[in-house]
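Start counting the sequence shown at 259; every next residue gets the next number (the numbering used here). C-beta: ideal position from N, C-alpha, C; glycine also. Written below as structure tokens is the structure these notes are about.
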Amino acid sequence: MNGKTQYFRDTWAEIDLDALYKNVKTIRDGLPRETKLFAAVKANAYGHGDFQIAQEALKAGAHGLVVALLDEALALRQKGIDAPILVLGLIRPTDASVAARHHISVPAFQMDWLKEASQAMESGDPPLKVHIKCDTGMGRIGLKNEKELKEIEHYINNNDSFELEGIFTHFATADQSEENYYLQQLGAFKKLVSSLETPPEYVHAANSAGALCHNDSMFNAVRVGIAIYGLSTSQERPPHIKGKQVFSLHTAIVHVKKIQPGECIGYGAGYQAKKEEWIATIPVGYADGWLRMLEGQRVIADGHRANIVGRICMDQTMIKLPHYMPVGTKVTLIGGQGSDEFITVEEIAEKLQTINYEVTCTINFRVPRLYKRGSRLLGVDNKLLSEDE
């Protein structure tokens, strides 16, 4: 590794950019030609790395990006991303000028917010591009009725500080087989959109599940997140497009020992050997987001199944090997090694009694992300190597 991409631990995540590109392109090709695809790269691209994912998604046909925070949008701008970016969460009205100067779009749905934001705009600022957020049943943020919408629209259209660029909502149950609540939200949003004096450039409602499972929710833009990472939107309503998992997690054996019957492993002596066993230590733990609830979870060591034994520690985990393996042997926690064994993000989520989103988001900054195209390393932790390196 050169100085730009150096890291000093034997635990890493691999991000398959070929898979990401193919997932985005497949989804893009399956949409109506006039429908714009916004790729969701919030939360560090669901733990995959915002800059590299943003670049690859745009290259594959995404029109723009969505994030949760103004800080996330600014970080992308500072790294050279110039595509449309929409912040989904409410920003402080006092930061309106910052968003406007960096051509970052933001949601609006409160009259007091608009008035304060207008006052915060500085001379020479371009108009702040806003998307009116409608709460049609998610219960988070957004306006709820036509009266509020007309007041907000009138204020925006008659104030030089703003440009009405979009209107949107978010479905609560698009990934569920029962459709009544989804249809209720869709109907409410269509009614709000129809009450606008002039429809804005972007009208969007569909998330991944909406875009892949409900053709009636397309409008002229969609926001696709979990699906571009090759992860399932729902076990209850699987999409018609199945992508390839982009994220994998690996480590390497740092110590191997043979233990005798009756010997114990880990805090609380939680595991006791019943016979002679080979135990390996791997340098990953709950401080990396490899959580204690994963005790007993299978991993793949040199193509063979192995199981976690004892309690997962803050920085280390012990596994029971099927036979002796040397220090340095690759161990895969998520993903595969070319054998029949493969560990999906969904498998880890099921073990943790949560959803796949939380798994990749939880693997934190201590674990370097290695970006690969085929077997070629392109960068580490959002530091891009040139194509010639």
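- With respect to residue 499, residue 305 sits apart: the two C-beta atoms are not nearer than 8 Å.
- Under the DSSP assignment, residue 565 falls outside any alpha helix (DSSP H), being part of the beta strand (DSSP E) whose first and last residues are 562-567.
- Take residue 547, set aside five residues on each side of it, and the residues of its chain with a beta-carbon closer than 6 Å to its own are 620, 621, 622, in chain order.
- Three or more Cβ pairs drawn from the stretch 531-545 and the stretch 570-577 lie within less than 8 Å of each other, which places the two stretches in contact.
- Under DSSP, residue 272 takes part in a beta bridge, and its partners are 506, 628.
- Judged by their CB atoms, residue 573 and residue 545 are nearer to each other than the 8 Å cut-off.
- Take residue 560, set aside five residues on each side of it, and the residues of its chain with a beta-carbon closer than 7 Å to its own are 583, 587, 588, in chain order.
- Secondary-structure assignment with DSSP links residue 391 through a beta bridge to 426.
- Where residue 637 is concerned, there is no enclosing alpha helix (DSSP H), although the beta strand (DSSP E) around it starts and stops at 634-638.
- When the five nearest sequence neighbours on each side are left out, the beta carbons in the same chain lying within less than 6 Å of the beta carbon of residue 556 are those of 563, 565, in order along the chain.
- Following the DSSP letters along the chain, one finds residue 537 in no alpha helix (DSSP H) but inside the beta strand (DSSP E) bounded by residues 535-540.
- Judged by DSSP in its simplified three-state form, residue 590 adopts strand.
- Secondary structure within the stretch 323-400: the alpha helix (DSSP H) runs of 4 or more consecutive residues, fully enclosed, are 328-336, 354-359, 369-378 (chain order).
- Between residue 494 and residue 452, the C-beta gap is not smaller than 8 Å, which leaves the two residues out of contact.
- Apart from sequence neighbours up to five positions away, the residues of its chain that approach residue 513 with a beta-carbon distance below 6 Å are 539, ordered along the chain.
- In this chain, the alpha helix (DSSP H) harbouring residue 412 covers 404-415.
- Between the alpha carbons of residue 638 and residue 333 lies a distance of about 17 Å.
- Here residue 344 is buried. Its C-beta has 16 or more other C-beta atoms within 10 Å.
- Between residue 277 and residue 570, the alpha-carbon positions lie close to 31 Å from each other.
- As the crow flies, the alpha-carbon of residue 448 is around 10 Å from that of residue 461.
- For residue 294, the pairing in a beta bridge is given by DSSP as 479.
- In the structure shown, residue 421 falls within a strand segment according to DSSP collapsed to helix, strand and coil.
- Going by C-alpha positions, residue 525 is about 18 Å away from residue 532.
- Per DSSP, residue 460 is one residue of the beta strand (DSSP E) stretching across 460-462.
- With the rule of 3 Cβ pairs closer than 8 Å, the stretch 372-379 counts as touching the stretch 412-421.
- Bridge pairing for residue 511: absent [DSSP].
- Sequence-distant partners of residue 415 (beyond 5 residues in either direction) whose C-beta falls short of 7 Å from its own C-beta, in its chain, are 422.
- A contact is defined here as three or more CB-CB pairs under 8 Å, and the stretch 602-613 fails this definition with respect to the stretch 629-638.
- Taken atom to atom, the span from the alpha-carbon of residue 429 to that of residue 300 is near 18 Å.
- Excluding sequence positions up to five before and after residue 409, its CB lies within less than 7 Å of the CB of 369, all in the same chain and listed in chain order.
- For residue 579, the secondary structure class from DSSP, reduced to helix, strand or coil, is strand.
- Annotation: residue 594 to residue 488 spans about 15 Å, alpha carbon to alpha carbon.
- Here residue 557 carries a strand assignment [DSSP, helix/strand/coil].
- Taking 8 Å as the cut-off, the Cβ atoms of residue 323 and residue 358 do not count as close.
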